[in-house]
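Take a look at the structure below.
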Amino acid sequence: MPEVIAPPFTDPEVAARKVQMAEDLWNTRDPERVAAAYTEDSQWRNRTEFFQGRTAIVEFLWRKWNKELSYKLKKELWGFRNNRMAVKFQYEWHDDSGQWFRSYG
155 MPEVIAPPFT DPEVAARKVQ MAEDLWNTRD PERVAAAYTE DSQWRNRTEF
205 FQGRTAIVEF LWRKWNKELS YKLKKELWGF RNNRMAVKFQ YEWHDDSGQW
255 FRSYG
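Going by this note's numbering, the sequence shown opens with residue 155, and the numbers climb by one from there.
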């Protein structure tokens, strides 16, 4: 079983490793694997859409990655303390017409 991406975040190396694990997982673009990394009752928000639970996460990610082709994510540890972590991210993708997009946060 893969290492769990969960607190505590005890030192910079452990926190950075967990961020890299999350990045690698998302870059598989496998909704089932990504959703499995979150709790059964996980609550998500994406812009104006709110949903809860792994089934909803899987459905959301299928929609996302069917639209966002060649999706590639990069995450970087920004800060951490005990059970909290801040991560900077950037990702890029293109639509079915070949138009590329980048997002940052």
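All residues carry an ideal CB built from backbone N, CA and C; glycine is no exception.
Review point. Contact check, residue 177 vs residue 227 under 8 angstroms by CB: the rounded distance?
Key: Residue 227 and residue 177 do touch by the CB rule: their CB atoms are close to 6 angstroms apart, below 8 angstroms.
Exercise for review: Could you spell out where the alpha helix (DSSP H) holding residue 174 opens and where it closes?
Suggested key: Unbroken alpha helix (DSSP H) run through residue 174: 166 to 180.
Check your understanding: What first and last residue would you give for the alpha helix (DSSP H) that runs through residue 200?
Key -> If you look at residue 200, you'll find it isn't in any alpha helix (DSSP H); it sits in the beta strand (DSSP E) that goes 197 to 200.
Check your understanding: What is the C-beta distance between residue 237 and residue 161, in whole angstroms, given that I count them as a contact (C-beta under 8 angstroms)?
Key -> Separation of the CB atoms of residue 237 and residue 161 is rounded to 4 angstroms, and the pair is thereby assigned contact status at 8 angstroms.
Check your understanding: Quick one, which of 240, 194, 200 and 258 has its alpha-carbon nearest residue 247's?
Key -> Per the Cα distances, 258.
Check your understanding: In chain order, what residues of the same chain have a beta carbon less than 6 angstroms from the beta carbon of residue 244, not counting five sequence neighbours either side?
Key -> In the same chain as residue 244, and ignoring 5 residues on each side of it, the C-beta atoms closer than 6 angstroms to its own belong to 228 and 258, in chain order.
**Study point:** Span of the alpha helix (DSSP H) around residue 214
**Key:** Here the alpha helix (DSSP H) through residue 214 covers 208 to 221.
**Study point:** Residues of its chain near residue 189, where Cβ-Cβ distance is below 6 angstroms and the 5 sequence neighbours each way are ignored
**Key:** Correct list, in chain order: 208, 211 and 212.
Review point. So what's residue 194 in DSSP terms, helix, strand or just coil?
Key: Of the three classes helix, strand and coil, the one that applies to residue 194 here is coil, per DSSP.
Check your understanding: Skipping 5 residues on each side, what residues in its chain have a beta carbon closer than 8 angstroms to that of residue 235?
Key -> The answer, listed in chain order, is 163.
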